[in-house]
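Q: Before we start, here is the structure in question, set down as structure tokens.
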Amino acid sequence: MDALPAAPPMVAVTDVWKARGRNQVLRGINLEAARGEVACLLGPSGAGKSTLLRCVNALEPCDRGIVRVDGTAIGCEERGGRWYRLRERDVSRQRAGIGMVFQGFNLFPHMTVLDNVCDAPVRVLGQPRTEVRERAQRLLEQVGLAEKAAAYPRQLSGGQQQRIAIARALAMQPKLMLFDEPTSALDPHLVGEVLDVIKALAATGMTMLIVTHEVQFAREVAGRVAVMVDGVIAEAGPPGAVLRDPKDPRVRSFLARAL
Amino acid sequence: MAQVEAKQGTVPVILPAPRPGHWIGVAVVAAVGSWIAYQALTNPGFQWGTVGRYMLHPQVLRGVGTTVELTALVMLMGAVLGVGLALMRMGGGQVLPLCAYAFTWFFRGTPVLVQLVFWYNLATLFPTLSLGVPFGGPKFAEVSSTAAISSFTAALLGLGLNEAAYMGEIVRAGLLSVDAGQGEAARALGYRPMQAFRVVVLPQAMRAIVPPTGNQVIGMLKYTSLASVVALPELMNSVETIYSRTFETIPLLIVAALWYLVLVSLLSAVQAVIERRYRRGADPAGARG
Chain A
84 MDALPAAPPM VAVTDVWKAR GRNQVLRGIN LEAARGEVAC LLGPSGAGKS
134 TLLRCVNALE PCDRGIVRVD GTAIGCEERG GRWYRLRERD VSRQRAGIGM
184 VFQGFNLFPH MTVLDNVCDA PVRVLGQPRT EVRERAQRLL EQVGLAEKAA
234 AYPRQLSGGQ QQRIAIARAL AMQPKLMLFD EPTSALDPHL VGEVLDVIKA
284 LAATGMTMLI VTHEVQFARE VAGRVAVMVD GVIAEAGPPG AVLRDPKDPR
334 VRSFLARAL
Chain B
404 MAQVEAKQGT VPVILPAPRP GHWIGVAVVA AVGSWIAYQA LTNPGFQWGT
454 VGRYMLHPQV LRGVGTTVEL TALVMLMGAV LGVGLALMRM GGGQVLPLCA
504 YAFTWFFRGT PVLVQLVFWY NLATLFPTLS LGVPFGGPKF AEVSSTAAIS
554 SFTAALLGLG LNEAAYMGEI VRAGLLSVDA GQGEAARALG YRPMQAFRVV
604 VLPQAMRAIV PPTGNQVIGM LKYTSLASVV ALPELMNSVE TIYSRTFETI
654 PLLIVAALWY LVLVSLLSAV QAVIERRYRR GADPAGARG
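What follows is the structure in structure tokens.
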């Protein structure tokens, strides 16, 4: 075998710290996800899972530490040995390559489903409208909502809205997808349809970071799980080991309550 | 169907609640209404013939034109500056929010009549207006203030800056009404800050911005009559000029009032159209799939 230099991990979070006021939300997070890997972030509420996810696409800037996506530092750059925060419009170019799905869907209510999916690729990436429309139609089929293209988001159920939100993120052809508790705002009987779409996406080889409370889902879909407690990753590894036989007592008590 | 028919005989029909006050109300309204109509038709002081003669009088029409033009320009200035003020107030940093706050504090806190007369008399403070290096440096261009500040300019500045202060707060209220997740979703998709504002946040804020702005336009249409104090020949000033000559005060005031009513009615119709446009996707019309 040739000794090729290893490809950089798709996501590399290195010693990330973040305070909100007096509250230290993240206290030295290290996390990696390889290309095509699905990593699930578990942990009790207030552990900092969502904040960490929002640091990955610099929706929130971190105070210390570097987040790299596909080798590129996100939200900051090095000049002369010092790290400076990037201007918002430069960060937006980086965010275009990172899809994000929110707990509250956040579809644009004044646009049809099709415009929700098409607007960013046309406006942000400058892709031709006809090409984007075709791709959008395919994505809507992929999430099982092709017939809803002309509907407005408020006419859809929560589960349908979340599937549209996934299609909207995918329309940007991202190299990484972030999911922030994608099923937490859904009625229990609608959770399954969204998880199925995410599972199907995992099978296509998309790299994903998923914050979730669905331990069973994490066990099925994740190549790696990380359990966060109080702003640190208490335990990380393959789901079988971490979820079946956790070493950390805090993780053990979290899993005992979650299962 | 058969079931429904069978039950109809046994289920009581619900009648509206009795409202004994209703007919008393109708009688009072009818009495007041007919008194107003009687006065309008029989009181010779109204001089409806004179009203009819002056409705389309060239001087009145010019006044209407000036009123409409001034209102449109004042509201345009107010809206543009207002959006700017709202963005300054809500953006980050320390200096810009403070500047916007100070602007609003000053121009909302002093009477618009004072501001109008102030701009008209700017020449007293600055006899000339010049473009050049301040604090005694060279001047590239210079005009006398009395030439630069016409009645119209004074009215535009006085009313426009005042309006901007109010519009800034209206726009800010509209922006606050949009869920923070909308801007976040736009940023996460890679929209630049101005794109996120223009495409995602502002259109949704418009639903909350349009109704109070309609109020402002209608109010401003009538506030332009204040410009008569700086001798701008808008609608009010025009009828004043006529009745000070002919002493047909009441009929000419009626002419002005009718014109204001016509313009306000048109504006209300325009507002209804604009509101319908920004209601897109707002209500879950149609059945769920």
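Read top to bottom, the protein sequences are chains A and B.
The C-terminal position of the first sequence is numbered 342 in my numbering, with every residue numbered one higher than the one before it.
The C-terminal position of the second sequence is numbered 692 in my numbering, with every residue numbered one higher than the one before it.
Glycine is no exception: its CB is placed at the ideal position from the N, C-alpha and C atoms.
Computed from a prediction, not measured in an experiment: that's the story for all the values here.
Nearest-angstrom Cα distance between Val196/A and Cys138/A?
A: If I take the Cα positions, the gap works out to 28 Å.
Q: Taking only the alpha-carbon atoms, compute the straight-line gap between Arg212/A and Cys201/A and give it to the nearest angstrom.
A: Cα-Cα distance, rounded: 8 Å.
Q: Checking 8 Å against the spacing of the C-beta atoms, do Leu292/A and Ala122/A come in under that value?
A: Yes.
Q: Can you check whether the C-beta of Met255/A is within less than 8 Å of a C-beta belonging to chain B?
A: Met255/A counts as touching chain B.
Q: If you check the beta carbons only, do Phe510/B and Ala568/B fall under 8 Å apart?
A: Taking 8 Å as the Cβ cut-off, Phe510/B and Ala568/B qualify as a contacting pair.
Q: What is the residue span of the alpha helix (DSSP H) that Met480/B lies within?
A: Per DSSP, Met480/B belongs to the alpha helix (DSSP H) from 461-493.
Q: Out of Val280/A, Gln177/A, Lys258/A, point me to the one whose CA is closest to Ala116/A's CA.
A: Of the listed residues, the one whose Cα sits closest to Ala116/A is Lys258/A.
Q: So Gly320/A and Arg307/A are in contact, right, with Cβ under 8 Å, and what is the actual spacing, rounded?
A: Indeed, because the Cβ distance is near 7 Å, the residues count as touching under 8 Å.
Q: From Ala430/B to Gly436/B, what does the alpha carbon distance come to, in whole angstroms?
A: Distance between the alpha carbons of Ala430/B and Gly436/B: 10 Å.
Q: Measure how close the beta-carbons of Glu566/B and Gly481/B come, nearest whole angstrom, since I'm counting them as under 8 Å.
A: So it is a contact: roughly 3 Å between Cβ atoms.
Q: Counting only beta-carbon separations shorter than 8 Å, does Met291/A have a partner in chain B?
A: No, no contact with chain B.
Q: Note down, in chain order, every chain B residue with its Cβ under 9 Å from the Cβ of Asn140/A.
A: Ordered by position in chain B, the residues that pass the 9 Å Cβ test against Asn140/A are Arg590, Ala591.
Q: Would you call the segment 86-100 of chain A and the segment 133-152 of chain A in contact, with 3 or more CB pairs under 8 Å?
A: Counting Cβ pairs under 8 Å, three or more are found: they touch.
Q: Taking Glu264/A as part of the beta strand (DSSP E), name the residues at either end of that continuous run.
A: No beta strand (DSSP E) contains Glu264/A, which DSSP labels as neither H nor E.
Q: Rounded to whole angstroms, what's the CA-CA distance from Gly689/B to Gln238/A? Just pull it up for me.
A: Any reading at Gly689/B needs caution, since the residue's pLDDT is 46, under 50, leaving its predicted position unreliable; the model's value is listed next. So the alpha carbons of these two residues sit roughly 7 Å apart.
Q: For Phe185/A, count neighbouring Cβ atoms within 10 angstroms of its own Cβ and tell me buried if that reaches 16, exposed if not.
A: Buried is the call here.
Q: Listed from N- to C-terminal order along the chain, which residues in the segment 567-580 of chain B have their beta-carbon within a distance smaller than 9 Å of any beta-carbon of chain A?
A: Listed by position, the residues of the segment 567-580 of chain B near chain A (Cβ gap below 9 Å) amount to none.
Q: Is Val215/A near Ala250/A, with beta carbons less than 8 Å apart?
A: No, Cβ-Cβ distance for Val215/A and Ala250/A is not below 8 Å.
Q: Give the residues of chain B in contact with His193/A, contact being defined as C-beta atoms less than 8 Å apart.
A: Those are Pro606, Gln607, Tyr681, Arg683, Gly684, Ala685, listed as they occur along chain B.
Q: How about Asp270/A: is its C-beta nearer than 8 Å to some C-beta of chain B?
A: With 8 Å as the cut-off, Asp270/A does not count as an interface residue toward chain B.
Q: Where does Gly242/A sit, in a helix, a strand or coil, going by DSSP?
A: Three-state result, Gly242/A: helix.
Q: Within 10 angstroms of its Cβ, does Ala130/A collect 16 or more other Cβ (buried), or is it exposed?
A: Buried, by the Cβ-count rule.
Q: Mind checking which residues open and close the beta strand (DSSP E) that includes Tyr167/A?
A: Element bounds for Tyr167/A: 165-168.
Q: Note the first and the last residue of the continuous alpha helix (DSSP H) segment covering Glu678/B.
A: Unbroken alpha helix (DSSP H) run through Glu678/B: 652-680.
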